[in-house]
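When the letters of the first sequence are read in order and numbered with the working numbering, they come out as residues 21 to 239.
Note that the Cβ used here is the ideal one computed from N, Cα and C, for glycine as well.
To start, the structure under review is shown below, and the notes come after it.
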Amino acid sequence: MNRSQTEIIEHVFETLQNHFGCFEWWLNEAPFEVMMGAILVQNTNWNNAEKALTNLAEHCSPQGIAALPLEKLAERIRPSGYYNQKALKLKALTQWYEGYNYDIALVKQVEQSLLRQELLAIKGIGGETADAILVYATHKPSFVIDAYARRILSRNGVKVPKRYDDFQQLVEQAIPRQTELYAYYHGLIVEHGQQFCRPKPKCDGCPLLPTCLGPDVAS
DNA sequence: GTCCTGTGAC
DNA sequence: GTCACAGGAC
Numbered sequence: 021m022n023r024s025q026t027e028i029i030e031h032v033f034e035t036l037q038n039h040f041g042c043f044e045w046w047l048n049e050a051p052f053e054v055m056m057g058a059i060l061v062q063n064t065n066w067n068n069a070e071k072a073l074t075n076l077a078e079h080c081s082p083q084g085i086a087a088l089p090l091e092k093l094a095e096r097i098r099p100s101g102y103y104n105q106k107a108l109k110l111k112a113l114t115q116w117y118e119g120y121n122y123d124i125a126l127v128k129q130v131e132q133s134l135l136r137q138e139l140l141a142i143k144g145i146g147g148e149t150a151d152a153i154l155v156y157a158t159h160k161p162s163f164v165i166d167a168y169a170r171r172i173l174s175r176n177g178v179k180v181p182k183r184y185d186d187f188q189q190l191v192e193q194a195i196p197r198q199t200e201l202y203a204y205y206h207g208l209i210v211e212h213g214q215q216f217c218r219p220k221p222k223c224d225g226c227p228l229l230p231t232c233l234g235p236d237v238a239s
């Protein structure tokens, strides 16, 4: 059993797809809320990020964020953690978006790798957040790599590259380059990472049990 | 090393 | 009740 990296990755996604079935993930949400969500969910779970979004209520638009004083903004997004940092990040994001007149159609016109560069230049947006915005807000095929993907794939025998971009490339070359697929597969990863493949794994009923090397494989 | 909260285990 | 832990970016 010496499968290639690509074969393992294909096998993992196929198995997860069979287990969890099809579902829509994020592709129909309002673009700016997706962008905010991508920042608010950093270093926390979606539950906390959602509380922050709920607290923002009617300010949940680029104009709303721009108009809200930094301290007020921080106060509202408190439940997501690192709220002072994240308030600055949301401001930076909004300022960048203002350059496009808050028009997602204009953003979508930018070529993918160029747009990724632009997003990465915004303070507080790293690889993962940039890719989440690319897929779920602009519908460009950029695969989101996260802690779950690292954990799940390394536990199943993938020699996971340390650098984000290298890992992303490895995953992207293993699956067809389609936005819907990227969006859905990342959803599968998140779902599985939360239900089964936690740092201290819940292996009972895990669909990947037959190929899993256990929780302690060096990634 | 720093930034922070919510949860779940004890 | 305390407290370790999960979770990205700079």
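{"Asked": "Does DSSP put ILE124 in a helix, in a strand, or in coil?", "Found": "helix"}
{"Asked": "Do ASN38 and TYR102 have their CB atoms nearer than 8 Å?", "Found": "no"}
{"Asked": "Leaving out five residues on either side along the sequence, give the residues of the same chain with a beta carbon under 7 Å from the beta carbon of MET21.", "Found": "Because the pLDDT at MET21 is just 47, under 50, the model does not fix this residue reliably, and the value given afterwards should be weighed accordingly. For MET21, where only same-chain residues beyond five positions count, there are no Cβ hits under 7 Å."}
{"Asked": "Fully enclosed by the stretch 129-211, which beta strand (DSSP E) runs are 3 residues long or longer?", "Found": "none"}
{"Asked": "Since ILE59 and LEU113 are thought to touch, with beta carbons under 8 Å apart, how far apart are those beta carbons, to the nearest angstrom?", "Found": "6 Å"}
{"Asked": "Using a 10 Å radius around the Cβ and a threshold of 16 neighbouring Cβ atoms, would you call THR74 buried or exposed?", "Found": "exposed"}
{"Asked": "Taking Cβ positions, are SER100 and ALA69 nearer each other than 8 Å?", "Found": "yes"}
{"Asked": "Short of 8 Å in beta carbon distance, which residues of its chain neighbour TYR120, apart from the five on each side in sequence? Order them along the chain.", "Found": "LEU126, VAL127"}
{"Asked": "Tell me which residues share the same chain as PHE216 and place their Cβ nearer than 6 Å to its Cβ, disregarding the 5 neighbours each side in the sequence.", "Found": "LYS222, CYS226"}
{"Asked": "Do LEU36 and LEU201 come within 8 Å of each other at the CB atom, strictly closer than that value?", "Found": "no"}
{"Asked": "Under 8 Å: do the stretch 152-159 and the stretch 45-59 share three or more Cβ pairs, one atom per stretch?", "Found": "yes"}
{"Asked": "Which residues mark the beginning and the end of the alpha helix (DSSP H) in which VAL32 is found?", "Found": "25-40"}
{"Asked": "In the structure shown, what three-state DSSP assignment does MET21 receive?", "Found": "Note that MET21 has pLDDT 47, beneath the 50 cutoff, so the model's placement of it is unreliable and the number below is only indicative. It is coil, neither helix nor strand."}
{"Asked": "Do the stretch 127-136 and the stretch 81-95 meet, that is, are 3 or more Cβ pairs less than 8 Å apart?", "Found": "no"}
{"Asked": "Where does LYS109 land, buried or exposed, given buried means 16+ other C-beta within 10 angstroms?", "Found": "buried"}
{"Asked": "Compute the beta-carbon to beta-carbon distance between GLY213 and ILE172, rounded to the nearest angstrom, for a pair I have assumed lies under 8 Å.", "Found": "6 Å"}
{"Asked": "The alpha helix (DSSP H) spanning LEU108 covers which residue range?", "Found": "103-118"}
{"Asked": "For ALA72, which residues of its own chain have a beta-carbon under 6 Å away from its beta-carbon, when the five flanking residues on both sides are left out?", "Found": "LEU60, ILE97, PRO99, SER100"}
{"Asked": "For a test of the three-state rule: what should DSSP assign to SER100, helix, strand or coil?", "Found": "helix"}
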